[in-house]
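Only one structure is covered here, and it is reproduced in the block below.
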Amino acid sequence: MKAVIRPQRLASAAAFVALASLAGCSTPPDKIILLPDPEGNVGAVVVHSAKAEQTIDKAYAGVDVAQNGAIEKTMESQSSVQARYGALLAARPPRPMTFTLFFLFDSATELAPDSPATVEKLKAVLATWPAPQVVVIGHTDLAGSQEFNDRLSLRRAQSAAAFLVKQGIPASKIEIAGRGKREPLVQTADGVPNRMNRRVVITIQ
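When you line the sequence shown up against mature numbering (1 follows the signal peptide of the UniProt record, and there is no 0), it's residues -23 to -1, 1 to 182, in that order.
What follows is the structure, given as structure tokens:
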């Protein structure tokens, strides 16, 4: 008997995916446990079998699903989960991390004064991340034409990607794109410059 598991609220999805592997690795009955995310937030999931349905929505709450489809609620703790599944949890890939670098007006290479500190944090993470896959998205503010900003945002992404290659990330592991002025971080009228919108977003996963 296999349980069907459905996130009830989107907020729970990231926290729950980490635990889905526990169900696959446990011996009968199948065991599902809901973990909090790194900030301590917990959403909810609904577990279905042929005979029953159960919602879990508290940190370390769980269910055992028997071969006949019966579902029994369980309750673990952080320490008990770590004791039983510590090796499995340690084997999970790191959670994706995002870094935002801000650029000077009309530049694809000059960073805003507050971005070098972010670069240092990025370098520290890359130094310990196993086999990173990186997505680099360039953006602009709303000053200038769509065509100009498409080119500028792509150049910003390419500039960030070149930096990542220097840090030892193979170019084949880096995906780049330019969004131009389509996705501003701060909404402004068209044609209005804004420093927060002149950025590159780097996601490591």
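For each residue, glycine too, the CB sits at the ideal point set by N, CA and C.
Spatial distance of residue i from residue j (CA atoms)
| i | j | result |
| --- | --- | --- |
| Leu11 | Gly157 | 39 Å |
| Ala6 | Val23 | For clarity, residue 6 is Pro in the given sequence; the question names Ala instead. Each residue's Cα considered, the two are about 17 Å apart. |
| Leu78 | Val96 | 8 Å |
| Leu162 | Gln44 | 50 Å |
| Ile48 | Asp118 | 53 Å |
| Pro147 | Leu88 | 23 Å |
| Val19 | Ser57 | 18 Å |
| Ile33 | Thr105 | 34 Å |
| Lys35 | Val178 | 33 Å |
| Pro13 | Met74 | 17 Å |
| Lys28 | Phe125 | 60 Å |
| Ile114 | Ala139 | 13 Å |
| Ser122 | Lys143 | 32 Å |
| Arg176 | His116 | 5 Å |
| Leu99 | Phe76 | 7 Å |
| residue 186 | Glu30 | Summary: the structure shown does not reach residue 186, with the chain confined to residues -23 through 182, and so no result is reported for it. |
| Ala67 | Thr165 | 44 Å |
| Leu131 | Gly63 | 42 Å |
| Ala60 | Ile9 | 16 Å |
| Pro107 | Phe80 | 28 Å |
Local Cβ density within 10 Å of residue i, reported as buried at 16 or more and exposed below that
| i | result |
| --- | --- |
| Asp167 | exposed |
| Thr86 | exposed |
| Pro109 | buried |
| Glu53 | buried |
| Ala38 | buried |
| Ser92 | buried |
| Val169 | exposed |
| Arg69 | exposed |
| Arg159 | exposed |
| Ala134 | buried |
Given residue i as reference, the closest of the options once Cα atoms are compared
| i | options | result |
| --- | --- | --- |
| Ala120 | Gln31, Ser84 and Ala89 | Ser84 |
| Phe82 | Pro107, Arg172, Phe76 and Ala139 | Arg172 |
| Glu152 | Ala60, Ile181 and Asp127 | Ile181 |
| His25 | Val42, Glu16, Gly17 and Pro15 | Val42 |
| Glu16 | Arg72, Gly63, Thr51 and Ile9 | Arg72 |
| Asp127 | Arg69, Ala21 and Gly155 | Gly155 |
| Ala101 | Phe80, Ala68, Gly145 and Arg133 | Gly145 |
| Lys150 | Leu65, Ala94, Gln55 and Val112 | Val112 |
Segment limits, alpha helix (DSSP H) that includes residue i
| i | result |
| --- | --- |
| Ala29 | Here Ala29 belongs to no alpha helix (DSSP H), and DSSP marks it neither H nor E. |
| Gly115 | Gly115 -> not in any alpha helix (DSSP H); beta strand (DSSP E) instead, spanning Val111 to Gly115. |
| Glu49 | Where Glu49 is concerned, there is no enclosing alpha helix (DSSP H), although the beta strand (DSSP E) it sits in stretches over Ile48 to Met52. |
| Leu131 | Gln123 to Lys143 |
| Arg61 | Gln55 to Ala67 |
Residues sharing a beta bridge with residue i, DSSP
| i | result |
| --- | --- |
| Arg176 | Phe79 |
| Leu88 | Phe80 |
| Ile146 | Partner(s): none; Ile146 has no beta bridge. |
First through last residue of the beta strand (DSSP E) which encompasses residue i
| i | result |
| --- | --- |
| Lys8 | Asp7 to Ile10 |
| Gly155 | Ile151 to Gly155 |
| Ala38 | Ala38 to Val42 |
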